[in-house]
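Okay, so here's the structure we're looking at.
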Amino acid sequence: MSTSSEPRNPLYLLLLLVSLLFVITALAYAFVPVLEGMAVDAGGEIHHSTIRDSLVNHGWLWLLGEVVAMVILGLLSMGYDRLRTLQKERAGRTIPPSEPTERPPS
């Protein structure tokens, strides 16, 4: 593993968390109605919850919002990395101050 002196981009952690939330929401959006239907077919009683009802009815909006957040965070992460790279290159190209040289007396 390489060690670098520059700090990590905090936007990548946010992107990772939003992506994890997207996966959890997508799985819930896909499986909750199926499991609910299987419970009804088996004769089980389903207690309604507002979160489950919202997921079933508006889950596609949740997923859409999470995709938009992932795209925005991804673009911001790449932009921030590019900005840091340009700043590092600019700092490397500057001419270091030269020490005054003494002229021989004429």
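Here the sequence shown is numbered in the numbering used here, starting from -17 and rising by one per residue. Ideal Cβ positions, reconstructed from N, Cα and C, are used throughout, including at glycine.
Same chain, Cβ closer than 7 Å to residue i, neighbours up to 5 away in sequence not counted
i	result
Y11	L37, G41 and L45
Given residue i as reference, the closest of the options once Cα atoms are compared
i	options	result
L(-2)	A8, D63, G56 and Y62	G56
F4	L43, T67 and S(-13)	L43
E(-12)	R75, F13, R66 and E71	R66
Proximal residues to residue i (C-beta, below 8 Å), its chain only, five neighbours per side dropped
i	result
V0	E48, A51, M52 and L55
L58	L(-7)
A8	L45
Helix, strand or coil at residue i according to DSSP, with G and I counted as helix
i	result
E71	helix
P(-8)	helix
Closer than 7 Å: residue i CB and nearest the ligand GDP heavy atom
i	result
Q69	The ligand content of the structure shown is nil, which means the ligand GDP is not present either.
Are the stretch 16 to 30 and the stretch -11 to -1 touching, with three or more C-beta to C-beta distances below 8 Å? Three or more Cβ pairs closer than 8 Å define a contact, and the stretch 16 to 30 falls short of that threshold against the stretch -11 to -1.
Looking at C-beta atoms only, is the number of pairs between the stretch 29 to 36 and the stretch 45 to 64 that lie closer than 8 Å three or more? No: fewer than three Cβ pairs fall under 8 Å.
What residue ranges within the stretch 18 to 50 form continuous alpha helix (DSSP H) runs of no fewer than 4 residues, ordered along the chain? As far as the stretch 18 to 50 is concerned, it has no whole alpha helix (DSSP H) run of at least 4 residues.
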